[in-house]
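These notes are about the structure you will find just below.
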Amino acid sequence: MSTVVSASTPSPVAKVSAKPDIGAIVKFVAVLIIALVVISPLFLLFVASLKPDRFQILADMGSFRAFWVSEPSLQNFTDIATFSGALPFGRYLVNSLIILFCTVLGGVFLNSMAAFVLAWGRLPGRAVVLTALIGLYIVPQESIVLPLLSLVNKVGLGDSFAAQILPWMASPLYIFLIYQFFIQVPRDIYDAATVDGASPFRIYWSVFLPLSLPVLATVAILLGIETWNQYLWPLMVTQTDYARPISVGIASFFGHDSVYWNSAMAASVMMMVPVLIFYLAFQKWFVSSFISSAVKG
Amino acid sequence: MSATLGNRLLKSLGAASALSIAVGAGLSGAQAAELKVMFQGDPYEITIITDVAKRFEAANPGTTVQLINTPHDAYNEKIGAAVSAGSLPDILQLDAPFLANYVWSGFLQPVGNLLDKALVDDMTASNVAQGTYPIDKALYAIGLTDSTVALYGSRKQLEELKIRIPTSVEDAWTRDEFEAALKTLSTAPGVKWPLDLFRSYGSKTEWITYAYEPILVSMGCDVIDRTSWKATGTLDGKACVDAATEMQNWVKQGWVVPQSAGQNQFYAEGRPAALAWGGHWFYAEANAKMGDDVVVMPLPKFGEKGVSPNGTWIWSVAKTASDPAAAGKFLSFMLQDPAYRDAYKAHAGFPGLKSFAAASPLYADKGAMAVAFEQAGKTAVARPPHPAYPTITLAFQNAMTNIFDGADPQAELSKAAKKIDDDILDNDGYQPFGKAE
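Residue numbers (UniProt numbering), protein chains in the order written: chain W, 1 to 297; chain H, 1 to 437.
Below, the structure written as structure tokens:
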């Protein structure tokens, strides 16, 4: 109790030395300026999405008018937020959310299972598998797109949600990330669960998963952002609006004659909002996980 | 035991295979009239193509049209992927200069006999040129529209500065007049850059070859010799180096809108750019902001004659099309559909059919874009119709970007010419285009 009181009560010394701290003010102003610079493109995006005239958006670029809208209008959003028609952005958004949800859920499950087996399973040649797994990480997506497309078409998964979800759920990076977390769990915990008669899956599910929520959140966020921003693969594999995500849909506004900045800006805002909510929801886990993995205990 | 199990498994698999083949055959029979159409375009084009497909389906019960709309920027990559994956659609839209490559690669079939004869007869000369494969002279693609580039200015500004406004292809500015105009405009109040070459479209876009190659041709050279199909000695020859050096000089003088300045400098407040070297589509943008002050002029004559580009996105039928007759029927229906034409007319579509031109007041005599239409008929030179075109254009794009950024024109054009010739050599001359060495 007394500790709380003393901590919350300013000391007399602090009162006496309460002068303007020039250094702190300079730092604050510097941080504020950097923050404004960083935020300005997002702000510009939002402001431009409220200008219905695409020519005006272009004409305003290059001056401070780009950050100001005299008569804000939601027309761009109402124009594109449709579920049917030539460019059904409502549908694209829902498609993206479905793909995001399934990929993240399946990805977290698959990657953590693989990591558990690698960390605690009786796997012959584990070191080789682990090395090969890390080696896979350097293979760029672009280099496997064509063979993968051929495979997907052969098994009849072209233009489907499955084609956009299944190939990207498992990832060497995330398996390795979770693996690193799992191997730090004390052996006693694993042994105690084994003595209690728990099966390997039970140990994974009931003991290791609850312990690893921060790293799972990190994987969920990274995989989520990666999935949300996917462009090349969905572009190649989708044929119709059935499973087309919003990232591919937005590219339709960059035509060969002109760029439809008003629609593109509104669609970009629509695309940004869910991922922003997703990030904010997991932010605490995200930061804490990175801190815990960065600081060696 | 295991042998019995194995036999049963084999029988089951055999039965399943037979069933799937039967079902597959039945399905393919039932879906024989399904047309897959791959296309790109601006949002308004996507809407009108979607609508015309619905009207076609209503007029042809039993036939379904599956539209594969692909964003413009990644369209050629999508075609490449479709070919690799064996999933080329029945009908595909393509960029005209890539036609030779696609026909040479065996992707396309002639469409002359698949289309309504009246439609083929209605094509303008430049439209026929953009859809014709030079080896067999057959028509492989058709479009409602074609394209060109013109020079845009402000009538008021040019008149105030006493700069002559050319009104026909014959009295287009000469090289000296053009440079004198740039010099005068560079000192005019409010003018930051006398000329917008639309570098903001990007450093790796077809715009560079499409819009700048005519300057080279007008100055007496080309990106490749169209008889010997060799770039070395042509693209890096004196005439081309002079042309590139001159264009570089415009940039060095500070006369050209830089890439970072965006696409609106011609009609932004204060009009920082005085002239715009823009596609026919740019008229609608400029007119929306500047009204009748926009004046459309022919491209200058840098040498003995003026040269302008042509070629746009046109429609073709894949060699693997399941029902070529139905594909031809769809294209004939679409290109003659009144609502389809009206939508293109409303967006200043550049006429590729005579009947469409007659119904387009913008391009008719005394129309604001009449000089652009006249130019297409008199000075249009198609980009090289050669299978190596994807390499040709990429090499030229890189060279011009580097030259604009200050690199040595001779070195850059020599590098580009070698790259083009190497590609042709690697493909044994793309026979029958060239003689293999």
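By construction, the Cβ of each residue, glycine as well, lies at the ideal position given by its N, Cα and C atoms.
All of these numbers come straight from a predicted model, not from anything done at the bench.
According to the DSSP assignment, W/Val104 belongs to no beta strand (DSSP E) but to the alpha helix (DSSP H) extending over 89–120. Proximity of the segment 125–135 of chain W to the segment 198–211 of chain W falls short of the contact definition, fewer than three beta-carbon pairs being nearer than 8 Å.
At a cut-off of 8 Å between C-beta atoms, W/Phe254 counts as an interface residue with respect to chain H.
Contact between H/Asp146 and H/Ser126 holds, since their C-beta atoms are separated by about 5 Å, short of 8 Å. DSSP places H/Glu34 in the uninterrupted beta strand (DSSP E) bounded by 34–39. Selection H/Gln40, H/Gly41, H/Val52 evaluated against H/Met334 yields H/Val52 as nearest (Cα-Cα).
Inclusion of H/Leu299 and H/Leu151 in the CB contact set at 8 Å is warranted, their separation being smaller than that value.
Nearest CB-CB separation between H/Asn76 and chain W: not below the 8 Å threshold. Scanning its chain for C-beta atoms nearer than 8 Å, with the 5 sequence neighbours on each side dropped, one finds around H/Ala286 the residues Tyr152, Phe266, Tyr267, Ala276, Gly278, Val294, in chain order.
Legend: CB atoms of the segment 261–272 of chain W lying less than 7 Å from CB atoms of chain H belong to residues Ser263. Per the coordinates, the alpha-carbon of W/Leu45 lies some 43 Å from the alpha-carbon of H/Asp365.
Per DSSP, reduced to three states, the secondary structure at H/Lys192 is coil, with no helix or strand assignment. Listed in chain order, the alpha helix (DSSP H) runs fully inside the segment 11–69 of chain W are 12–16, 22–49, 54–60, counting runs of at least 4 residues.
Taking H/Arg155 as reference, the option from H/Asp121, H/Leu144, H/Thr167 with the minimal CA-CA separation is H/Thr167. For H/Gln93, the uninterrupted beta strand (DSSP E) run begins and ends at 91–95, by DSSP. Counting only the Cα atoms, H/Ala357 lies some 5 Å from H/Pro351. When secondary structure is reduced to three states using DSSP, H/Ile165 falls in the coil class, being assigned neither helix nor strand. Not one beta carbon of chain W lies nearer than 8 Å to the beta carbon of H/Leu275. Under the 8 Å criterion on CB atoms, W/Ala220 is classed as non-interfacial with respect to chain H. In the structure shown, H/Pro351 adopts extended strand secondary structure according to DSSP, grouped into three states. Under DSSP, the beta-bridge partners assigned to H/Ile68 are H/Met38. The three-state secondary structure of W/Phe254, taken from DSSP, is strand. Relative to the Cα of W/Leu232, the nearest Cα in the group H/Gly406, H/Leu139, H/Tyr344, H/Pro71 belongs to H/Pro71.
For the 8 Å CB-CB criterion, H/Val223 and H/Pro110 do not form a contact. It is roughly 31 Å from the alpha-carbon of H/Lys204 to the alpha-carbon of H/Thr320. For W/Thr240, the nearest beta carbon of chain H is closer than 8 Å to its own beta carbon. Taking 8 Å as the threshold, the shortest C-beta distance from W/Leu157 to chain H does not fall below it.
Between W/Leu146 and H/Ser87, the C-beta gap is not smaller than 8 Å, which leaves the two residues out of contact.
Taking a contact as a CB-CB distance under 8 Å, the pair W/Asp53 and W/Asn229 does not count as one, their CB atoms being some 29 Å apart.
Exclusion of the five residues before and after H/Ala417 leaves Ala231, Thr232, Leu235, Asp236 as the residues of its chain whose Cβ lies within less than 6 Å of its Cβ.
Proximity of H/Lys289 to chain W, defined by a Cβ-Cβ separation below 8 Å, is satisfied.
Look at H/Lys204 here: in three-state DSSP terms it is coil, with no helix or strand label. Between H/Trp313 and the set H/Asp73, H/Ala372, H/Val65, the nearest pair of CA atoms involves H/Asp73. Membership of H/Leu235 in any alpha helix (DSSP H) is not indicated, and neither H nor E is assigned to it by DSSP.
Between W/Pro72 and W/Leu50, the beta carbon gap of about 4 Å places them in contact (Cβ cut-off 8 Å). Against W/Asn153, the close residues of chain H are Ala85, Gly86, Ser87, in the order they occur along the chain (beta-carbon pairs closer than 8 Å).
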